[in-house]
Each structure stands twice: as structure tokens, then as C-alpha cells.
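Written below as C-alpha cells is the structure these notes are about.
There are 4 protein chains.
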Amino acid sequence: MNKITLLVHCKDRSNIIATVTNFIAKNEGNIVYLDQHVDRDQNVFFMRLEAEFFHDSFSTESFKEDFKTNLAEVFEMKWRIYSSHKKPKMALFISKYDHCLYDLLGRYNSGELNLEIPFIISNHLDLKPIADSFKIPFYHVPVTKDTKPEAEKAQLELLEKFEIDFIVLARYMQIISPKLIEKYQNKIINIHHSFLPAFVGAKPYHSAFKRGVKIIGATSHYVTEELDAGPIIDQGVTRVSHTHSIEDLIAKGRDLEKIVLANAVKLHTNRKVMVYNNKTVIFS
Amino acid sequence: MNKITLLVHCKDRSNIIATVTNFIAKNEGNIVYLDQHVDRDQNVFFMRLEAEFFHDSFSTESFKEDFKTNLAEVFEMKWRIYSSHKKPKMALFISKYDHCLYDLLGRYNSGELNLEIPFIISNHLDLKPIADSFKIPFYHVPVTKDTKPEAEKAQLELLEKFEIDFIVLARYMQIISPKLIEKYQNKIINIHHSFLPAFVGAKPYHSAFKRGVKIIGATSHYVTEELDAGPIIDQGVTRVSHTHSIEDLIAKGRDLEKIVLANAVKLHTNRKVMVYNNKTVIFS
Amino acid sequence: MNKITLLVHCKDRSNIIATVTNFIAKNEGNIVYLDQHVDRDQNVFFMRLEAEFFHDSFSTESFKEDFKTNLAEVFEMKWRIYSSHKKPKMALFISKYDHCLYDLLGRYNSGELNLEIPFIISNHLDLKPIADSFKIPFYHVPVTKDTKPEAEKAQLELLEKFEIDFIVLARYMQIISPKLIEKYQNKIINIHHSFLPAFVGAKPYHSAFKRGVKIIGATSHYVTEELDAGPIIDQGVTRVSHTHSIEDLIAKGRDLEKIVLANAVKLHTNRKVMVYNNKTVIFS
Amino acid sequence: MNKITLLVHCKDRSNIIATVTNFIAKNEGNIVYLDQHVDRDQNVFFMRLEAEFFHDSFSTESFKEDFKTNLAEVFEMKWRIYSSHKKPKMALFISKYDHCLYDLLGRYNSGELNLEIPFIISNHLDLKPIADSFKIPFYHVPVTKDTKPEAEKAQLELLEKFEIDFIVLARYMQIISPKLIEKYQNKIINIHHSFLPAFVGAKPYHSAFKRGVKIIGATSHYVTEELDAGPIIDQGVTRVSHTHSIEDLIAKGRDLEKIVLANAVKLHTNRKVMVYNNKTVIFS
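Residue numbers (UniProt numbering), protein chains in the order written: chain V, 1 to 284; chain F, 1 to 284; chain R, 1 to 284; chain G, 1 to 284.
What follows is the structure in C-alpha cells.
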């Protein structure tokens, strides 16, 4: 059996759903999931569809070709088709904080995540033992002012060599270079330790403490050139009070960061995220 | 312009979506919303669809006829088609608590609710001034052991006379008679002041206090013959602690009850709820 | 029986609790509640205490005198003592939105709020019928560019005449004058329709929609000269998604605003809020 | 410097707070935290107090003696005094699920938990590699119908040998023997994968799925002889919908279980929990 996931967006107009579902039916596919959304402000149509094909002669490649010619070009669609046979490959970038790393690797180990982790990159050596205990190759790529270009080159080589599909910054404490951002557009997931857009930049828990907020948050988003301003994938919050010190906020925040980042990774790898106008459509 | 909402469920099989969307397209309709769900355990397919028809000759009645003959009977569907022209009519049953009443009437007044309220029934006179101030007819139908049959008769007459579509029990403190339940199946919405199935029956806040739970809840559900066991439409929760007395739980619970009940009413009137196997499918 | 609530803050040092509790004991009082907090960064001690006095000769006034001389001056305390006999008087400022008004008056009516509402002020006439139906005096004080000074004068006269203790802006759509803010420092409660400090200023739901956040919020705070920057009393949040339009955010936000504002009013009238360094200590 | 934490409960009466705080002052202690609660139904007074003693001659043991003679016996208090010098020792009981194990060990490793873990007991060998990678002794104590008495004996020997203070059942899939429960009263923390008292017993996620609830939960509680009926320490909840399969509920529940269990462990080790009448008082 072949199963594909189709993501589509285009200018809204009549009959798109009927045309696409017909196309699937003509190809002897069975639709097992369909969700759609229309942004009325922008007049844009979004659709996510999963279909199963049981005949032996089915080829994802020729299906893609047909779809492109007969539908995508006619409706001027932006589209992607994924085969369920191929697990996405994730590169993990880390620094010194271990909570998101433990959390993701724990989930990975227990089979909760539909992905492969060919390697971990860190600008520090501190967390190598954790990578080792989970038997995942660990590459130490230090980043200093002077070594930035070399570091970027080393990162890119690894990403290409292992055919990485997307990058997760699990509290990686370095700015990602514009070249990487451009190459992996909407494919670099960051976890920011605040309820964005409140408290952008460094030390958000300190700012939250100073402002005396009663709720703190964490935000996972795709990395864009503007810092902490990329499309938001997921957010989580928790209550705090005057009794909590900055250290308490940081500890409570760790739990948010873990869950919100893991959620974003799952949504991304299950092809449930579409990006448009610096915002996300998240299918259920 | 005519707009219809179609709700369908049937045994799952290939091509249902394509067939239905084609049928809409052939009738020159434009699909503006489609959501679907498959219960894999039960092998049941659910769909909700909104379509707009712009040609003058469109008639909801003949569309229904066509749909019935060409699709519903072929796929052995359970189905409903609603025209957006007709607002559902809601009867409010109340007793002595006013918080849900104020809340619903406040929302009604501000245009938040897509419905009509032809009348309010109460077994007590206490809240008549509120109904009066909102200018909604108020009927006093007392219920005692002896007058049960008469009360039921009076209720049924009012419901029929005003062609009521659904009933909301806004903390109505009487058991609904089996006859009413049968006549308005999945059309009587109750708000229960606990996180069901914890604390069924009377005095749930007292039970919650006694058990020392750290979270209390409220549950809106359709009324079935078994008490507090009908299909759940929505639930809400809030944290409590040892510092809260039973009175505090009751006060905190009121806020939950208001919001959860209003939510259920909105979901119901927007035709977003389907019931199957004593559970609900809630479309977004 | 006399019951007092004591709020105190001062530089932290040894033995404050023992000294104060001793003082209560010597005055034959029984402490029924005591909570305290130390801000370690600022080295400030906060305490809230409720005590009951059963002897006939007790006088709140002479107790205050004693407390001032024997404790407050020795420890250089900022302090307030409230008698439970006197309900705080609240002035409601409104404009055209009715949801917070209905909510507060509904709670007031049902006895949930420990306060009096001598009058409602509005710069529009739209909501007068609601004030009338709850039998609360309504004053129409229009505010235009030219009439600002007169309006402020009229407001101040009413506030003084009725010996108002604190003001609640229930979606009042005018900037409060610096004179009022100074006169009612930490006594004017506003509800802002965003999760502050995200989306300060006008149209926060539009900004939230544009940014594509997955959670929206509401914030109640004391009004200070800097807009939306005063000490936060309470915050609430709720999840949203790409399926929600700006109108949906506004509707969902209304429920947050009602509950967060009512919460702030209850905390304030129960003397549970202390302000320090533009932040609040909220006792439980 | 010596720091002690005092927990007290007794029949409520006048002057307890003043007497205790005076006692601390006379011993040249400085109170850094005091919280108290009165259960008005039961007329019981609860207090938690932290005090620091800076003089060299201070001895926790003689302080305890004094407290017992001069206060505890006079007021007929149930009381405990802990020195901050001694970290509580926790035994981890596990079976085959690894999520709570990874979570607790990750927190332990990063210094978030104020405790020691002398060993892990499991009735299966599956998770031994995880214990090994964290360098914590792992004891395999299989439990079958026939070996129950021996297993219990082996467990008790280990608990005694390592002077264990409390036990955490991190999804341990065996019933704890009455002997252990009696010996470690209010010292065995379990995590139950439902919002108790809804769905007691086995397979709660299956029951939640069947009932069609819109919110699922997890509950940490002290183990008592009656299954899933002990005093509740903490609870957490998360929203679910018809789109979630039982497997989805289980996956979402894992995140709740981790956080709720970790919370309970932190509250217990920070001496913030008092048990009375099968309920908990949780100090902040």
C-alpha cells in the first residue's frame, strides 16, 4: 500500500475540493483524511489530504507528475506531496541546556516520533555523554566570532552529507546564519522561552519577572532572519505568582519548552503545518 | 445566495468525499467548508460541509430530495441539511440559579448567538424579573410530585406551539421526563457542575471538596435517560486548592458552567455536533 | 465581633512576624489568616493578616493608633488596616461594550461581590437601560476633545460626593486623566484585551491575529500614567487557531475579559493585593 | 547556618501563631517563611514555617526536644521538624514504561530535585540500561503470584538498608503490599493516568476514550490500601477531541504524567504537603 500526504495552497475559487478529490478517485485512491481552510482576508485556499493507493502499479513519482500537470498548474497551486515511506531526517542543534535534548531523545527512543536523527551538532562538548548514551553521532562545531564562517561551512557539509530535511534548535544558543535560514526556509524549528511576541530577545524570564506577569509561556516557531519573529507553530503557558523567583520561572519554563518543542516537531514531521504570510495553518 | 450545512455519517467506504463534493459541484455549489472524520474502531465516516449556491433557481427542498435519492440512499447515510436562512429556536428551562441565565441572555442581546429564544420556562418565579428585563416571555410551570404529568403536558404544548428546535437546561433543577427526552433526542443540552464522569448526581461540588481534588470542572452534555451519562459536548476545568471552601468551589464553578454551556449552545446551533455511540464528533 | 485586615510592607529584618503576632495576641485578637512574602532581590517584607477581636471595648481606630506608634513607626512600615464592617465603594466607568458590565452586575446581584456600586459613569448613553434594569444610578459624562476638563471635573465631583474607594474601567474607551490617576493611585482597575506586555495599545486582537499567535489573553492591571504598563493583577489566556477570524478572537476574548476583570475586582476588594515596584503581591 | 522546616497541625485555638513565632524568636531564629491554613469544617489548624538559626550553639535535636515539651505537648500538635542539611532519599519503583523514569532522572541530573536516589527497583529488566546510563544502582525484583512474599521481603530489605525516606511509583505496574503501605504511610507517591476519581483502576485511557470526554488528566497521590483512593497531591489536565485515538490519549497522557509526578515529588521533598482526613494541604 502507498500512502501520500498532499499539502496545497492557492487563490481561492470554486470547485477546488471537488476537482482534487475527483483526481484522487480517478487514480483509484481512497481519501482517509481531508481538511481545508480558507483565509477570507487574503482569499487563499489551503488543503491537507491523505490518500491510500492499493494497486501495485502506483508510483508516487508519476502521481506527482500528473498532479503537477493536471491540477497544480491549472489552479496555480503551491503544493507538496510526501510519501509515508520516507521518514524525515532531523538534525539537532544544542548547546549546554539538556532538558529539551533529554525530552526529544526519550520520545525518539520510545517510538513516539516519526523521524530519524542522523546526528547532533553542538558548539560545546558538555552534552556529548547524553548523545553517546542514546548512540547518536555527536559533532562538536565550536562557534566564535572568528570561526563563524568555518562553523557554518562545517554545519552545511553535515546537513548535506546526511540529507537532512529539517533542523531543530533545542535551546541552541547561537544565531543561525542567513545562508542556513535561506537554505532551510520554514525548516528550522526554534523554541523561544517566552510567550511571543512578549519578551523577544535574550533573558525573557528575567523580563517576565521584572514586568510581574502572572502567566509565562514558550513559543516554537520557524526561524526567519528577523529574530524571534518567524511563523509561530505552537505556544504553551503556565501560571506563576509573586512567590516565584527568576530561577523558579526558569524551572517552570523548562517544562513548557519541552512540551511545546516536541509538539512542534510532531506537527512538522506529520506534515500538518503550512506557512503563509509569516503565519501558520496547523491542521488537526 | 443560499447557504446550506450538510451533516452526514455512514459506514466508511471509498470515494464518499469525491462523490459528495462532485454532487455539490454539479449543483453549481461552492464548498466553503469541509471537515471529515473516520472512527477507525467503528468504521464510521462523518462529514460536515458548508456550500453556497448563487443561482436563483436553487431550492433547498429539491436539493434535499436529490441528495436523498442520489447519495443518501446509495451510501445508506444518516444525514441532515440545514438552510442558513432559518435560525434555530431555543427554549430555556431555568429554576433559581441566575448565572447561566444572565450569561446566555447577555450573549443573546449582544448578537453573539445565532438563535431565537421564544420563551423561558421555570418551575419557580424568582427569575421572572430577569426574563422581563430582557423582554422574553416567561412561563411559570411548577413541578411537584403530583403535578408532574400536567407540567410535562404544559411544557410540551409550549414547545410545540413555538416550534422549538432545542432545549437548554440552564441549571434547571428537575429531572426531564422520558417523553421529552425521546421527543428531543440529542436536542436537550444540560450543564452539569462537575468534570463528568467524576461526581455524577447531586451536590458534585460537595463531593469534589470531600475527595480533595485539585481541579474542578463543568460538563455540557445531551440529556439521555441515564442521569449525567449522555454524550459530552464540552468540558471546562479550573484549579482549586485546600484554601477553597465548598462555597468557593461553587463560585468558581459558576464561571465554568457559564462558559461551557454557552460553548455547547454555540456548537449546537452552528450544527457542529454529531452524535454517535453516545459520544460526540465536534467539528471545528 | 470586630474583624480587621492588616497589610504591611517594610524592609525585611528579623522578628517582624513574631512582633506583629504578639501585638495581636496582647490586644486579645485571634489571627485567622496570615500570609507573608519576602522579595529577596529587593529585601522587602510583605504580610497580610486577618484577626478577630471579641471584646466589646475594641475600637479599630485606637487599634490603628497603637499599631502606628508601637509597630509601624519602629519598623518603618507602609501599612493599611481595614475593618470588615465597611464595604468598599466601586465606581463603574463604561462606554459601549456591555459584556463586562453584565458580568459584574450579575455577580453583584447574586451577592458574589463584597462591595457597593453607588453609580455608573459612561461617556455614551447606549448602556443606560442595563444600569436601569439593575437599578443603579447612571451618569452620562460625554468626553470630547473640547470637553475633557469639564468631564474630568464632573467625574471627580461624583467620585467625591459618593466617597468612592476604587474605580473599575469595564472596557471604558477613554484615557483617564493624570489628575484622576494620581488621586486614585493603585485604585483604578483596567481590563486590557491582550496578554500584556504583548500587544499594548489599541486593537490588540487585530495585532494578535496578524502575528498568528496560538494563545490570546486578557490582563487586569492598575492604571498608571504610562499606557497599559501598570502593575498586573491577573491574567487569563485561551487557545486559538488559524480557523479563528478577528471576530472570533474578539468573542473568545470577551469571556477572558469578564473573568479576569471580575477576579481582579474580588482580589482588590478582599484586600489581597499589595503593590511594590510596579508589581503586585497577590495573597491567596 | 542551620535551617529548619516545621510542619504542624492541631485543633484550632487562639494564639497558636503568636506562641510558635515567639518560640522561634526566643531561640534567636529568623522566620523566612510562614503559611497557615484553618479547616473550618474540621476546626483544624495547619502551619508550615521555615526558620534560620545563625548561632553556633544551635542543635536541631535539642530544638526538637524543646519544641516537643514546650509547644507540641501543650497544644497537642502533630508535628515534624526537618533540617535542611539532610536530603530525603527516594526509591524509584518502575516496570516497563520509561517516560516518567527519563523525566525524573533528567531533572535529578540537572540539579532540579532536592533528593538522593540510592537505587531503582523494577520487576522487569527492560529499563536497566537507562538506570545504568544515569549510573544508579538497579535491582531486579520480579513479582509473580508465587514470589510475592519474597519480592516484598527483598524490597523491604533494600528500603531499610539504604534508609529510604519515600518511594515513587513511576508507572510501577504492581499492587503495593499492605505491609509496605503501612510502613511508608503518606510516603509512597503514585501517578495514576486519569483525572481521579474519574476512571479508577486499570486502562483509564480506554475508559476515557469510551466515555468521550473532552479533557483527560493525570493524578499523583499517596498510596493507601484502597486502590486509587489516597490523598491527592497534584493533578493536571489537557484537552482532547474525537480526532484522538486511544494511542493519542496515551501519548498526550504521558506528558501529563511526567509533569504531575515531578511536581508531586518536588512538593513532597520540599515538605510542602500535609495530609489530613485523606486530603492534602499543599503549601505554596
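We treat Cβ as the ideally placed atom computed from N, Cα and C, and that holds for glycine.
Residue i versus residue j - alpha carbon distance
i: A201/F; j: V265/V; result: The sequence shown places Gly at residue 201/F, rather than the Ala named in the question. The alpha-carbon atoms of G201/F and V265/V are separated by roughly 42 Å.
i: K87/F; j: V237/R; result: 31 Å
i: V32/F; j: R13/F; result: 24 Å
i: K148/R; j: A262/G; result: 56 Å
i: P231/R; j: I176/R; result: 16 Å
i: G111/R; j: E247/G; result: 46 Å
i: G212/G; j: I259/F; result: 20 Å
i: F119/V; j: A154/V; result: 13 Å
i: H140/R; j: D228/R; result: 25 Å
i: S284/V; j: H242/R; result: 11 Å
i: K161/F; j: F46/V; result: 45 Å
i: G106/R; j: H99/F; result: 7 Å
i: K210/R; j: D132/G; result: 50 Å
i: H85/G; j: H85/V; result: 56 Å
i: F138/V; j: E116/V; result: 14 Å
i: Y184/G; j: Q42/G; result: 25 Å
i: E226/V; j: I136/V; result: 32 Å
is_contact[residue i, chain R] using C-beta, thresh 9 Å
i: Q36/G; result: yes
i: T280/V; result: yes
i: N15/G; result: yes
i: R40/V; result: yes
Cross-strand partners of residue i (DSSP beta bridge)
i: Y276/V; result: K279/V
i: H192/V; result: T219/V
i: V74/R; result: According to DSSP, V74/R bridges with nothing at all.
i: R80/R; result: L7/R
i: V38/V; result: F45/V
i: K89/R; result: E116/R
i: R239/G; result: I215/G
Any chain G beta carbon closer than 9 Å to residue i
i: T224/F; result: no
i: G201/V; result: no
i: residue 285/F; result: Since the displayed chain F opens at 1 and closes at 284, residue 285/F lies outside it and no answer follows.
i: P137/F; result: no
i: R48/R; result: no
i: S95/V; result: no
Any C-beta of chain V under 9 Å from that of residue i
i: H9/R; result: no
i: D228/R; result: no
i: T5/F; result: no
i: A25/F; result: yes
Same chain, Cβ closer than 6 Å to residue i, five either side skipped, listed in chain order
i: T5/F; result: E50, Y82 and R271
i: V143/F; result: N123, A151 and Q174
i: I164/F; result: K89 and A91
i: R171/G; result: Y97 and C100
i: D35/R; result: R48 and F283
i: P3/G; result: The amino acid at residue 3/G is misidentified as Pro; the sequence shows Lys. So the qualifying residues of the chain are E52 and S84.
Close-in-space but distant-in-sequence residues of the same chain around residue i (CB under 7 Å, 5 per side omitted)
i: N30/G; result: A51 and E52
i: F199/R; result: S207 and A208
i: residue 289/F; result: There is no way to answer for residue 289/F, as the model of chain F reaches only from 1 to 284.
i: E76/R; result: C10 and K11
Contacting residues, own chain, Cβ-Cβ under 8 Å from residue i (five flanking each side not counted)
i: I189/F; result: F166, I167, V168, L169, S220, H221, Y222, V223, I233, L261, A264, V265 and H268
i: F195/G; result: I215, I216, G217, A218, T219, Q235 and V237
i: residue 361/R; result: An answer regarding residue 361/R cannot be provided, because it is not within the stretch 1 to 284 covered by chain R.
beta-carbon residue i near the ligand ZN non-hydrogen atom, thresh 8 Å
i: K279/F; result: The ligand ZN is absent from the structure shown, which contains no ligands of any kind.
Any chain F beta carbon closer than 9 Å to residue i
i: Q235/G; result: yes
i: Y172/R; result: no
i: S133/R; result: yes
i: R80/G; result: no
Query - Cβ pair count under 8 Å reaching 3, the segment 59-73 of chain V against the segment 58-74 of chain F - result: Short answer: they don't touch.
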